[in-house]
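Trainee:
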Amino acid sequence: MITIKSAREIEKMAASGAVLAGVHKGLRDIIKPGISSWEIERFANKYIEEHGATPSEKGFEGYKYATCVSVNDEVAHAIPRKELILKNGDIVKVDMTVNLDGFESDSCWTYAVGDISPEAKHLMDVTKKALYLGIDQAVVGNRIGDIGHAIQAYTEGQEHMGDVRELIGHGIQPTMHEQPNVPNYGEAGHGLRLRAGMTITIEPMINLGTWEIITKEVADKSWNYYATADGSLSAQYEHTLVITDDGPKILTSQDPEFDKDYLLS
Ligand code: MF3
Ligand code: CO
Ligand code: CO
1 MITIKSAREI
11 EKMAASGAVL
21 AGVHKGLRDI
31 IKPGISSWEI
41 ERFANKYIEE
51 HGATPSEKGF
61 EGYKYATCVS
71 VNDEVAHAIP
81 RKELILKNGD
91 IVKVDMTVNL
101 DGFESDSCWT
111 YAVGDISPEA
121 KHLMDVTKKA
131 LYLGIDQAVV
141 GNRIGDIGHA
151 IQAYTEGQEH
161 MGDVRELIGH
171 GIQPTMHEQP
181 NVPNYGEAGH
191 GLRLRAGMTI
201 TIEPMINLGT
211 WEIITKEVAD
221 KSWNYYATAD
231 GSLSAQYEHT
241 LVITDDGPKI
251 LTSQDPEFDK
261 DYLLS
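Here the sequence shown stands for residues 1 to 265, where the numbers follow the numbering used here.
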């Protein structure tokens, strides 16, 4: 079922998204060569708790952590690890969901660790741009396929970039994952018609190589995560947004200047 949210519900989701964005803003100063990926988890837990919210990935389908911390060729859903020390030149994706007063938000960001290669920087730029091109299609009267098509057409127009297909965006609220599915590929003019009050995530994952990914198991076999099939780098950006009569509005913005055209008034 696809639910249309009231103005009050959207305000509550925006409050949840503001806590999540606060974690990401804090991580900008924390992520540097020499820290472990566990430091990211620790900071997120503390920040979320101090803001009266809960990390809703914890307990989701048996997942034990507030964050997914995926480094370099790890595409998504990797677990934070004390023994994983970030090195100069790495890129790290931090994906989390926050629940505040029963309202969910979901956002992933890619961070550069120290000085990264021009290729890695380009991958991050392309992936962020793909997200915003997708967001631009999230307007009343368009269809789900318009979002994925914009992401796919842009990515496939880049050299040596793969647009991951296996993992997709989704509706959000009352739970983390709701209908509709929001693929990062698709045909323009196809799929569900978008209406004001729908809340969705858009979350492209782009690889600096093949689009194909593989599943990996953590050591104790309790969890699966994803990595690129060819070992190439992967980036991801994700926002939670609401479709309105006044265009798409981002609920997890961490940069009001960059997002000025996408903020609730
Ligand atoms: N935040 C992820 C998403 O974008 C979901 C992570 S699932 C978890 O949909 F179990 F790893 F937390
Ligand atoms: Co997410
Ligand atoms: Co998501």
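Glycine included, every Cβ here is placed at the ideal spot set by N, Cα and C.
#1: Between residue 106 and ligand 3, is the CB less than 6 Å from at least one heavy atom?
#2: Any idea what DSSP makes of residue 223, helix, strand or coil?
#3: May I ask which residues mark the beginning and end of the alpha helix (DSSP H) holding residue 136?
#4: Going by the DSSP bridge assignment, what does residue 109 pair with across the sheet?
#5: Which same chain residues end up closer than 8 Å to residue 12 when comparing Cβ atoms and leaving out the 5 residues on each side of it in sequence?
#6: Leaving out five residues on either side along the sequence, give the residues of the same chain with a beta carbon under 8 Å from the beta carbon of residue 262.
#7: Which partner residues of residue 169 appear in the DSSP bridge assignment?
#8: Leaving out five residues before and five after residue 244 in sequence, what residues of the same chain have Cβ atoms less than 6 Å from its Cβ?
#9: Would you list the one or two residues that DSSP bridges to residue 239?
#10: Within this structure, are the beta carbons of residue 17 and residue 47 separated by less than 7 Å?
#11: With distances taken Cα to Cα, identify the nearest neighbour of residue 45 among 157, 19, 61 and 28.
#12: Just grab the DSSP bridge partners of residue 247 for me.
Mentor: Inspection of the coordinates gives the following:
#1: In this structure, residue 106 has its beta carbon less than 6 Å from a heavy atom of ligand 3.
#2: Of the three classes helix, strand and coil, the one that applies to residue 223 here is coil, per DSSP.
#3: 118-136 is the span of the alpha helix (DSSP H), which, as asked, contains residue 136.
#4: Within the DSSP bridge table, the entry for residue 109 names 94 as partners.
#5: Within the same chain, and ignoring the five residues on either side of residue 12 in sequence, the residues whose Cβ sits closer than 8 Å to its Cβ are 100, 101, 102 and 103.
#6: Residues of the same chain with a CB within less than 8 Å of the CB of residue 262, apart from the 5 flanking positions on each side, are 135, 241, 247, 248, 249, 250 and 253 in chain order.
#7: Checking the DSSP bridge columns, you'll see residue 169 partnered with 182.
#8: For residue 244, where only same-chain residues beyond five positions count, the Cβ hits under 6 Å are 196.
#9: Partner(s): 202.
#10: In terms of Cβ geometry, residue 17 and residue 47 do not form a close pair [threshold 7 Å].
#11: Nearest of 157, 19, 61 and 28 to residue 45, Cα basis: 19.
#12: Looking at the DSSP output, residue 247 shares a beta bridge with 244.
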